[in-house]
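**Student:** First the structure, which I've put down as structure tokens, then a few questions once you've had a look.
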Amino acid sequence: MVDMCAGSRECRTDSDTVRERIIETATRLFASLGYDGTPAQMIADAAGLDVATVTDLVGNKCDIYLAVMERAYLALRASYDSAFAEFTPDRAGVHLLADRYLDFCVDNPEAPELWIHRWLSDAADVTGLEALYIKPLLDRLSDALRSVVGPKVDLELAWWTVIWCVRGFVVGGVLNPSGQPEGPCNTVFLRRFRTHLHKTVECVFKMDRW
1 MVDMCAGSRE
11 CRTDSDTVRE
21 RIIETATRLF
31 ASLGYDGTPA
41 QMIADAAGLD
51 VATVTDLVGN
61 KCDIYLAVME
71 RAYLALRASY
81 DSAFAEFTPD
91 RAGVHLLADR
101 YLDFCVDNPE
111 APELWIHRWL
121 SDAADVTGLE
131 ALYIKPLLDR
141 LSDALRSVVG
151 PKVDLELAWW
161 TVIWCVRGFV
171 VGGVLNPSGQ
181 PEGPCNTVFL
191 RRFRTHLHKT
201 VECVFKMDRW
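Here is the structure:
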């Protein structure tokens, strides 16, 4: 018997593959140049397509941006779903949450850059993404950490300290003795930073009682 659906399935698979290529390409460009600095034609050219094909498969530039930001959020949420499943309300648990965020940013360096561009007034006409994506994760972290941290700790700002610190290391690195920047690709410096991150977390969360 001839499978009459085979052709449509193959076409759908090809379209999904090309759509994924468009989103991956746009992610790199938006992370590097920002939303405002990335024309739709640039995305199409970098993906090896014409604008009409990009529009048909994903939409206009705003649609592409929304798809990129949703994809970055879902990846981060999946990382934290795994972390929360292992979380324990103690020092090791706090280290685990910090480690998972560091590991996520090392594996997905474009993600923090997408948000940094927004916080520098990029894509100002695309509103509401922080409330949709960032706040629920921060609220979840606060709920998990509330019983762990010291009294009078501002949990929101404490975790933002982690976000700022990790982003700075992943993107900018630190200087080696020769004055050259070293980032997460250098396992020695990554290990040093992870140790420093643990100490920073213990300090800002005032975990002296542990």
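In my numbering, the protein residues as written are 1 to 210.
The beta carbon of each residue, even a glycine, is placed where N, CA and C say it ideally should be.
Given the structure is predicted, the values throughout are model-derived calculations rather than measurements.
Can you tell me which of the three DSSP states PRO177 falls into?
**Tutor:** Coil at PRO177, not helix or strand.
**Student:** Alpha helix (DSSP H) containing SER82: first to last residue?
**Tutor:** Here the alpha helix (DSSP H) through SER82 covers 61-86.
**Student:** Whose C-beta lies closer than 7 Å to the C-beta of ASN176 among residues of the same chain, with five residues either side of it excluded?
**Tutor:** Cβ within range, chain order: GLU182.
**Student:** Determine whether the beta carbon atoms of LEU129 and MET69 lie at a separation below 9 Å.
**Tutor:** Their beta carbons are under 9 Å apart, which means LEU129 touches MET69 by this criterion.
**Student:** Where does ALA123 land, buried or exposed, given buried means 16+ other C-beta within 10 angstroms?
**Tutor:** It is buried - the Cβ of ALA123 has at least 16 other Cβ atoms within 10 Å.
**Student:** Taking the C-alpha atoms as reference points, what is the distance between ALA78 and LEU49?
**Tutor:** Rounded to whole angstroms, ALA78 to LEU49 spans 31 Å at the Cα level.
**Student:** Taking GLU113 as the reference, give the member of SER32, GLU20, SER15 and ALA26 with the closest Cα.
**Tutor:** Among SER32, GLU20, SER15 and ALA26, the Cα nearest to that of GLU113 belongs to SER32.
**Student:** Excluding the 5 residues preceding and the 5 following ASP154 in the sequence, name in chain order all residues of the same chain whose CB lies nearer than 6 Å to its CB.
**Tutor:** So no residue of the chain qualifies.
**Student:** According to the Cβ coordinates, are GLY34 and LEU120 closer than 9 Å?
**Tutor:** Yes. Within cutoff.
**Student:** GLN41 to GLU20, Cα distance in whole Å?
**Tutor:** So the two alpha carbons sit approximately 17 Å from each other.
**Student:** State whether the stretch 189-208 contacts the stretch 163-179, with contact taken as three or more CB pairs (one from each stretch) at a distance under 8 Å.
**Tutor:** Short answer: they touch.
**Student:** Enumerate in chain order the residues of its own chain whose CB-to-CB distance from MET1 is below 7 Å, with the five nearest sequence positions on each side excluded.
**Tutor:** The pLDDT assigned to MET1 is 47, lower than 50, so where the model puts this residue is not dependable; a value taken from the coordinates is nonetheless given after this. Excluding sequence neighbours, MET1 sits near nothing in its chain.
**Student:** Enumerate in chain order the residues of its own chain whose CB-to-CB distance from SER147 is below 6 Å, with the five nearest sequence positions on each side excluded.
**Tutor:** Taken in chain order, the residues that qualify are PRO89.
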